[in-house]
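One structure is given here, and the rest of the page talks about it.
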Amino acid sequence: MKNKKIGISGETIFLLILLALGIYFFVASNVQFSDNTYKVRTFPLVISGTLIVLCAAEFITGALRRRKESRAVRESPEAQAAAGAGELEAGAEEQRNPPPEEGNLWFGFLWLLGVVLGVTVLGFYIALPAFSVSYLRRHKVKWVICLAFALVILAVIYFGFNRLLRVRLFNGILFGDYFR
Amino acid sequence: MDFFLEGIAGVFQSGVLLAILIGTVVATFLGIIPVLGGELAVTLLIPFTIGWDPAIALALLLAIDAVACTAGSITSILLNVPGTLINAATCIDGYPMTQKGEAGRACGAALTASAVGGILTVPLALIMIPLLRPFILAFKSPEMFLLIVLGLLFLSVLTTRGQVLKGIISGVLGLLLATIGAQAETGIGRFTFQNAHLYDGLPLIILVIGMYAVPTMMGLYASNRSIAPVDASSIKDKRQLLQGAKDCWTYKWTTLKSMVTGYVVGVIPGIGAFTSTFLTYGMAKRSSRHPEEFGKGAVEGVIAPEAANNAKEAGGLLTTLAFGIPGTGTMAIIMAALMVVGIQPGPNMLTQHAALSVTMLVTLAVANVLAVVVLWFGAPYLTRLTTIRTYFLFAAIIPVVVLAAYADSNMVFDLFLILGTGMLGTAMKKYGYSQPALILGFVLGGSLEYYMWKCLDLYGPTFLFYSPISTGLTILCVVLLFNKQLGKLYRRIRTMGKAV
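Right, here's the structure in full:
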C-alpha cells in the first residue's frame with residue numbers, strides 16, 4: 000500500500016528503518032567501544048556492515064525491478080492492457096473479499112499498548128480482565144458474557160499463575176509496586 | 241544386563257507410571273498454551289520435588305519436558321502460535337495446511353512423527369552409550385564453530401522463493417540483535433542503553449513471542465473472522481488423522497533422517513533443540529521433490545521438525561547423564577533437578593545409577609506414547625479454537641501472551657519489549673521477510689561470536705582445518721554455500737567428458 004502523499008511504500012519505509020538500525024549499530028560500535036578491546040566491537044561492526052550492504056542491495060534491486068516493470072507496462076500495449084485487466088480483476092476481487100485493512104493491523108497495537116500500560120499502572124489483576132471486558136464490549140458482546148469471560152481470565156491469573164505456578168505477579172505502580 | 245531389566249521394570253512401578261501420566265496431562269495443557277511450554281513448568285516444579293523418590297520426581301519432570309513440544313505442535317498447526325519455542329518451525333507449513341482445510345492431516349503427521357522421534361531414539365540412546373564418549377570428546381571449539389556456521393547456511397533455505405535477499409537480511413538482523421548484552425569473553429555490555437536487564441541480552445522468549453504470537457494476533461485483529469473458515473472441522477476427520485500418519489510412512493526417509501539429525505543435535509552439547517528443527521526443515525526442503533510447496537502447506541515440512549524435536553530429548557538426556565553436559569537448554573534444568581534430588585550426573589551416573597539412567601530414558605518413550613494417545617483423541621476438540629470468532633481469541637490470547645512473557649523473567653520491562661519485537665515481527669511478516677531466519681540468526685549469533693574468538697585465540701586462523709572432523713565440516717560448508725555453482729561445474733565437466 001503506497002502512501003499517497005509522499006509516494007513511498009510501507010515496504011520501503013521498513014527497509015529504510017532496517018538500514019538506519021544497521022547504521023546505528025555500525026556507528027555505535029565504533030564510537031561507544033573505541034576504548035575497548037577489538038573483540039567487543041569487531042563482531043557487531045562486521046554484522047552491521049553486512050546488514051547495511053544487504054539493505055542497500057535490496058533497495059537498489061527493488062528500485063530497478065519496479066522501474067523495469069513500469070517501463071515494460073509503458074512500452075508494450077499488451078502489457079498495458081494486461082495491467083488494466085489485472086487492476087480491474089483485482090478491484091473486483093477486493094470488492095468480493097475485502098483484505099484486512101493496514102490501518103486495522105496497526106490499530107491492534109494500540110490495544111496491546113493499552114494492556115501493557117494498564118498492567119504497568121494497575122497490575123495484572125485489574126488490567127487484564129478490564130482489557131477483556133472493554134475489548135469484547137467494543138464488539139457488542141453481551142455484558143453477561145463479557146463479565147463471565149473476565150472472571151475466567153481472573154481465575155486463570157490467580158489460580159493458574161499465582162497459586163499453581165507461583166509467579167509473583169506485578170500489582171501496578173498505582174498500588175505501590177516498583178517498575179522493574 | 242541386570243541394570244537394563246531393573247531400569248525398564250522401574251518405569252512400570254505404580255508411582256512412576258502415575259507421575260508420567262500426570263506429567264503428560266500437565267504438559268499437554270501447558271504445551272497448548274502459546275509459548276508457555278514445559279521449561280517453565282519444570283523449573284517451577286523442581287522445588288516441590290525435593291524429598292521425593294528420584295525415579296518418581298524425575299519421571300514427572302521428564303514427562304513434562306518430553307511431551308510439551310508434542311502438544312505445542314497442535315497450536316502451531318491450528319493457530320500459527322508455537323506452543324513452545326521449538327515448535328516455531330512447525331508453523332511454517334502446519335498453519336498453511338490448516339488454512340487449506342488439512343488441519344487433521346497436519347496434526348496426524350505431527351503426532352506420528354513426534355511418536356516415532358520420541359520412541360525410536362530411546363533404544364538408540366541405550367545402544368549408543370558405550371560408543372558415544374570418544375565422539376563427544378572429539379568435538380572441540382573449531383567443530384562447534386563449524387556446526388553453527390552449518391546451521392547459518394540453512395538461512396537461505398528458510399526463505400520463500402524470490403525473497404532470498406530478504407531472508408538473508410532477516411538472518412543478519414537476528415545476528416545483530418544477538419550482539420545486544422554482555423560480550424561473552426570480556427563481559428562488556430553492548431547496546432544495553434544502561435539497562436541492567438538487557439545486560440543478559442534480548443530474551444529469546446520475548447523475541448519468539450514478538451515474531452510469531454503478536455503478528456498472528458494482529459492478523460486476527462485485522463481479519464475479524466475465524467482462523468480457518470474453510471474447513472476447520474477437518475481435524476475431527478479420523479481419515480485425515482490417519483492420512484497424516486500414513487504420510488510419515490510415505491516420507492519415511494524424511495522422518496528417519498530428521499529423527500537421527502534431531503538425536504545427533506541433541507547429543508552434541510550447545511547446539512540447541514531450536515537448531516535441530518530448522519536444520520531438519522531445511523534438509524527436508526532441500527531433498528524434497530516439491531521444494532516449491534514448502535511454506536505453502538507441505539506435509540514434509542511438518543514431519544521433519546516434529547520428528548526432530550522429540551528425537552533430541554533422548555540424545556540430550558544421554559549426554560546430560562553420561563557426561564554431565566546438558567545437550568539442550570531444558571536438559572540444563574533437568575541436570576539441576578538431578579542435583580536437587582541428590583544425584584550427580586556424569587560418567588559415574590552410568591555405573592552407580594545405571595538402572596535409574598535406563599528408567600529415565602524409557603520414561604521418555606512411555607511419555608511420548610501417552611502424549612500421542614491423549615492428543616490423538618483430545619486434539620479434535622481443540623479445533624473449536626479455530627471456529628470461534630477472532631475477537632474472543634484476541635481477548636483470551638493477548639492476556640496469556642502477556643502473562644507468558646512476564647512469567648519468564650518477572651519483569652514488566654519485557655512487556656514493552658514485546659511491543660517492539662511484535663511491531664518488528666508484524667512488519668517482517670507483512671513485507672515478506674523471514675521470521676524463522678531472524679530467530680535462527682539470533683539463537684546462533686552469541687555462540688558464533690564466542691566460538692570464533694575462542695578458536696582464533698586457541699588455534700589461530702587455521703582452526704578450520706584443525707582436525708579431520710573440522711576439515712570435513714569446512715568442506716561441507718563450502719559445498720553447501722556453492723552447491724549451485726558446483727552443480728553447474730559438475731554438469732559442465734560431465735558434458736565435456738561425454739563430448740570427448
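Just so you know, the protein sequences line up as chains A and B, in that order.
The first sequence: position 164 = 163 (my numbering), numbered continuously.
The second sequence: position 97 = 337 (my numbering), numbered continuously.
Beta carbons are placed, not taken as given, at the ideal position from N, Cα and C, and that holds for glycine.
*asked:* Assuming Ala-350 of chain B and Glu-546 of chain B are in contact, meaning their beta carbons sit under 8 angstroms apart, how far apart are those beta carbons, in whole angstroms?
replied: Right, their Cβ atoms sit about 4 angstroms apart.
| task | Please confirm if Ile-409 of chain B has its CB atom under 8 angstroms from at least one CB of chain A. | result | yes
Ends of the alpha helix (DSSP H) at Met-668 of chain B?
653-670
Which residues, in chain order, does the stretch 409-423 of chain B contribute to contact with chain E at a C-beta distance below 7 angstroms?
In the structure shown, chain E cannot be found, because the protein chains are A and B.
Alpha carbon of Ala-27 of chain A to alpha carbon of Gly-441 of chain B, nearest angstrom
17 angstroms
According to DSSP, simplified to helix, strand and coil, what is Ile-12 of chain A? helix
Could you give the DSSP three-state label for Ala-422 of chain B: helix, strand or coil? strand
* Asked: Is there at least one Cβ from chain B nearer than 8 angstroms to Leu-15 of chain A's Cβ?
  -> no
Legend entry - Inter-stretch contact at 8 angstroms, needing at least 3 Cβ pairs: the stretch 406-426 of chain B / the stretch 9-25 of chain A: A contact exists between the stretch 406-426 of chain B and the stretch 9-25 of chain A.
Proximity test, Cβ basis, 8 angstroms: Asn-650 of chain B and chain A = It does: the Cβ of Asn-650 of chain B has a partner Cβ on chain A nearer than 8 angstroms.
Leu-173 of chain A in three-state terms, based on DSSP
helix
(Q) Would Thr-426 of chain B and Val-39 of chain A be called neighbours here (beta carbons separated by less than 8 angstroms)? (A) Result yes, Cβ atoms of Thr-426 of chain B and Val-39 of chain A sit closer than 8 angstroms.
Which chain B residues are close to Ile-156 of chain A, counting only those with a beta carbon under 8 angstroms from its beta carbon? Per Cβ cutoff of 8 angstroms: Pro-639 and Leu-643.
Review point. In terms of DSSP beta bridges, what is Arg-40 of chain A paired with?
Key: Per DSSP, none; premise fails for Arg-40 of chain A.
Where Thr-666 of chain B meets chain A, residues with beta-carbon distance less than 9 angstroms
The answer, in chain order, is Leu-104, Trp-105, Gly-107 and Phe-108.
Margin query: Please return the same chain residues whose Cβ sits closer than 6 angstroms to the Cβ of Leu-607 of chain B, not counting the five positions on each side in sequence.
Written below: The amino acid at residue 607 of chain B is misidentified as Leu; the sequence shows Ala. So the list reads Ile-260, Thr-264, Ala-303, Ala-306 and Val-307, once near-sequence residues are dropped.
Looking only at DSSP bridge pairs, what is Gly-429 of chain B linked to?
B:Ala-422
_Am I right that Tyr-671 of chain B and Phe-13 of chain A are in contact with their C-beta atoms under 8 angstroms? What's the rounded C-beta distance?_
5 angstroms
| field | Glu-689 of chain B, buried or exposed, once every other Cβ within 10 Å from all chains shown has been counted against 16 | value | buried
Exercise. Note down, in chain order, all residues in the stretch 133-154 of chain A with a beta-carbon under 7 angstroms from any beta-carbon belonging to chain B.
Key: Tyr-134, Leu-135, His-138, Phe-148 and Ile-152
Contacting residues, own chain, Cβ-Cβ under 7 angstroms from Thr-603 of chain B (five flanking each side not counted):
Val-251, Ile-260, Ala-299, Leu-302 and Ala-303
With 16 as the cutoff for other CB atoms within 10 Å, does Val-356 of chain B come out buried or exposed?
buried
task: Would you mind telling me which residues of chain A sit closer than 9 angstroms to Tyr-631 of chain B, beta carbon to beta carbon, in chain order?
output: Ordered by position in chain A, the residues that pass the 9 angstroms Cβ test against Tyr-631 of chain B are Tyr-134, Leu-135, Arg-137, His-138 and Val-140.
Review point. What is the C-beta distance between Lys-406 of chain B and Glu-74 of chain A, in whole angstroms, given that I count them as a contact (C-beta under 8 angstroms)?
Key: Not confirmed; about 28 angstroms, so no contact.
**Asked** Which residues in the same chain have their Cβ closer than 8 angstroms to the Cβ of Phe-653 of chain B, if we skip the five residues on either side of it in sequence?
**Response** Asn-435 and His-437
Among A:Leu-164, A:Ile-172 and A:Cys-145, whose alpha-carbon lies nearest the alpha-carbon of Leu-643 of chain B? A:Leu-164
Arg-162 of chain A: buried (16+ other C-beta within 10 angstroms of its C-beta) or exposed? exposed
- Measuring only between beta-carbons, confirm whether Trp-292 of chain B sits less than 8 angstroms from chain A. no
For this session: Using a Cβ cut-off of 8 angstroms, pull out every chain B residue sitting near Lys-38 of chain A, in sequence order please.
Result: Gln-423, Glu-425, Thr-426 and Trp-693
Item to check | Straight-line gap, Thr-352 of chain B to Leu-610 of chain B (C-alpha atoms, nearest Å) | outcome: If I take the Cα positions, the gap works out to 12 angstroms.
Practice item. Under 8 angstroms between beta-carbons, which chain B residues line up against Arg-35 of chain A? List them in chain order, please. Key: Checking the displayed sequence, the identity of residue 35 of chain A turns out to be Asn instead of Arg. For Asn-35 of chain A, the neighbours in chain B by C-beta distance under 8 angstroms run, in chain order, Thr-426 and Ile-428.
**Prompt:** Arg-529 of chain B: which of B:Thr-559, B:Gly-502, B:Thr-494 and B:Val-500 sits nearest, CA to CA?
**Reply:** B:Thr-494
Practice problem: With 7 angstroms as the C-beta to C-beta threshold (strictly closer), list the residues of the stretch 680-706 of chain B near chain A in chain order. | Solution: So the close ones are Glu-689 and Trp-693.
Should Thr-36 of chain A go down as buried or exposed, given a rule of 16 or more other Cβ atoms within 10 Å for buried? exposed
Secondary structure of Ile-508 of chain B, DSSP reduced to three states: coil
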